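In this text, residue positions in the sequence shown follow UniProt numbering: the first is 1, and each later residue adds one.
The beta-carbon is built from N, C-alpha and C at its ideal position, and this holds for glycine as well.
Bear in mind the structure is a predicted one, so any value in this text is a computation, not a measurement.
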Amino acid sequence: MVSYTLKVNGKERQISADEDTPLLWILRDELNLVGTKFGCGIGQCGACTVHINGQANRSCLLKAAALEGMEITTIEGLATDDTLHPVQEAWKEHDVPQCGYCQAGQIMTAASFLAENPAPSGDEIRQAMHGNICRCAAYNRIEKAVATAAK
Ligand code: FES
Numbered sequence: 001m002v003s004y005t006l007k008v009n010g011k012e013r014q015i016s017a018d019e020d021t022p023l024l025w026i027l028r029d030e031l032n033l034v035g036t037k038f039g040c041g042i043g044q045c046g047a048c049t050v051h052i053n054g055q056a057n058r059s060c061l062l063k064a065a066a067l068e069g070m071e072i073t074t075i076e077g078l079a080t081d082d083t084l085h086p087v088q089e090a091w092k093e094h095d096v097p098q099c100g101y102c103q104a105g106q107i108m109t110a111a112s113f114l115a116e117n118p119a120p121s122g123d124e125i126r127q128a129m130h131g132n133i134c135r136c137a138a139y140n141r142i143e144k145a146v147a148t149a150a151k
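Have a look at this one:
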C-alpha cells in the first residue's frame with residue numbers, strides 16, 4: 001500500500017491503495033466517481049476517458065500513484081457552477097445516448113478535442129472520436145453533437 005494525494009475535480013483527495021492500482025479503480029472504488037466506466041481495461045474502448053491536465057487519457061492505463069500534482073477531471077467535474085459544458089448541452093440537444101455506457105468517455109474525449117480544435121471539420125471530428133467505441137453505434141449523433149458543441 002502507498003498513500004498519496006490526487007486532485008480530482010478541483011478537490012484534494014487522500015488515497016491509500018496498492019501502488020499499481022489504475023486511476024479508473026481509484027475513481028470508481030475509492031472516490032465513488034462512477035461516471036467513468038470500465039469497458040475493456042486495456043486502452044481499447046475509451047469508456048474510461050478522463051482529463052489529465054486537460055488532455056483526454058484512458059484511466060484504465062494510468063497508475064494513479066503517478067498522478068500526484070496533476071489536475072484530474074472526470075465527467076462529474078466537467079460542468080462548472082451548475083452550468084453544463086457545451087459538449088454536454090449538445091449531447092442533450094441531439095439526444096445522443098442509447099444505452100449510455102460509453103457516453104462519459106465520449107464526452108470527455110470530445111471536450112478535450114474541442115479545447116484544442118474549436119472549429120473542426122467533419123473528418124477531424126471522426127478522426128478524434130474514432131477511438132471511442134459505442135456498441136449501440138450512435139456515431140452519427142455523436143458526430144452531430146460534437147459539431148454542434150463546436151459552434
Ligand atoms: Fe479503458 Fe476501455 S476501459 S480504454
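For E12, the secondary structure class from DSSP, reduced to helix, strand or coil, is strand.
Rounded to whole angstroms, the gap between the alpha carbons of A104 and L67 is 21 Å. Counted as a single uninterrupted DSSP element, the stretch harbouring A119 is not any beta strand (DSSP E), since DSSP gives it neither H nor E. Residue side-chain check: G122 keeps its Cβ at 6 Å or more from all non-hydrogen atoms of the ligand FES. In its chain, beyond the 5 residues on either side, P22, L24, G41, C48 have a beta carbon closer than 6 Å to the beta carbon of C60. Q14 has its alpha-carbon roughly 21 Å from the corresponding atom of R58. In the same chain as T36, and ignoring 5 residues on each side of it, the C-beta atoms closer than 7 Å to its own belong to L24, L27, R28, C48, V50, S59, T74, I75, A104, in chain order.
In this structure, the alpha-carbon of Q98 lies about 33 Å from that of M70. Residue environment for T80: exposed (fewer than 16 other C-beta atoms within 10 angstroms of its C-beta). In the three-state reduction of the DSSP assignment, Y101 falls in the coil class, being assigned neither a helical nor a strand state. No heavy atom of the ligand FES is found nearer than 6 Å to the CB of A64. Within 6 Å of the C-beta of A47 there is at least one heavy atom belonging to the ligand FES. Annotation for I142: the continuous alpha helix (DSSP H) segment containing it runs 139-150.
Here L67 carries a helix assignment [DSSP, helix/strand/coil].
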